[in-house]
Every structure is written in structure tokens, then in C-alpha cells.
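Chemist: If you're matching positions, the sequence shown starts at 14 in our numbering and goes up one per residue. For glycine and all other residues, C-beta sits at the position ideal for the given N, C-alpha and C. Here the structure is a predicted model, which is why all the values come from computation and not from measurement.
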Amino acid sequence: MKKLLLLLTLSIFAIANPMKVGDTLANITLQDQFETKQTVANDTKTILVAYDKDISSLLKEFLLSKEGDFLSANNAVYIGDIRGMPSLIARFFAIPKMKKYPFKILFLDEANENFLDKKEDMITVYQLTDGKISNVSFVKTTEELENLFN
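1) Does the count of Cβ pairs from the region 80 to 93 and the region 144 to 155 closer than 8 Å reach three?
2) Could you spell out where the alpha helix (DSSP H) holding ASP67 opens and where it closes?
3) Over the uninterrupted alpha helix (DSSP H) stretch that includes LYS110, give me the two end residues.
4) Classify ASP67: buried if its beta carbon has 16 or more other beta carbons within 10 angstroms, exposed otherwise.
5) Does the beta-carbon of SER70 have 16 or more other beta-carbons within 10 angstroms, so that it is buried, or is it exposed?
6) According to the Cβ coordinates, are ASP94 and LEU121 closer than 8 Å?
As C-alpha cells, then:
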């Protein structure tokens, strides 16, 4: 019986719905590339979530073309999903390279993955007003990223 209750409880958490328009920002605390825990602040205006290598590269190139404080100046956060990357590659190559970037990348983890929406080959964009989700969109070009911040 205890096993059944545990399985049922875990199933409920596994099917948690992604945040949607009108929801209050969930308490999201993630580790960045410097191995520091970062909590997404209530005054955050934009959350950018990249799930795969190609779309992460697009977002990285966009951010590298901006001033170093672009994300913080725009109250924005970049969340990347490197869970599919082999751990040795991540630890010895990818993360050390990311430490050279002038912006923070928060790494998605299992505890928070179900709260964030995902579309194949797209950056998920959450726009917030006063700590509530005001818009959820998906972009895949530099032009669309530029338009988000204009």
C-alpha cells in the first residue's frame, strides 16, 4: 500500500503542468555555470529557456552580440538544458567554456523541468509582469529575439 501511495504521489509531480499566462512565477532555484545556486527573482521580466544545442548556440550568439550586462539590464534570465550532454563533456569542456561568457546560464534540473514549456527547436520565452506570467511564446531566430527586447 505504501508503495502504491508513493507511486501515485510521484506520478502527480511527474505530470505537473508548465507555467501558463496568469500563473505566479514558481520558485525556481537553479545552479549556474559557476556552480552557484541562483533563484529567479520576482522582478524578472523575461525568462529564456533553450533545450538543445542548436537553439542554445543561437541564443548564445545573440547574447554575445550584446553588452555583458544585457540580461540583468533587461531583468532577463537564461535557462539552458544540458542534461542530455554526457557528463564528462559537460564537466571538462562545455561548462568551463560557459564560464568565459559575460552572462549567467542557469542549468535546468529535474525538479524544475515540468514547470517550463518546450517546443522542438525553439526558445521558450516567458514574459512576466509583477511576478505573473503575462505571455508565453516560442522563438527561433535572432530577429525574433531582438523584437522581444525592443
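Modeler: Inspection of the coordinates gives the following:
1) no
2) 66 to 77
3) 108 to 111
4) exposed
5) exposed
6) yes
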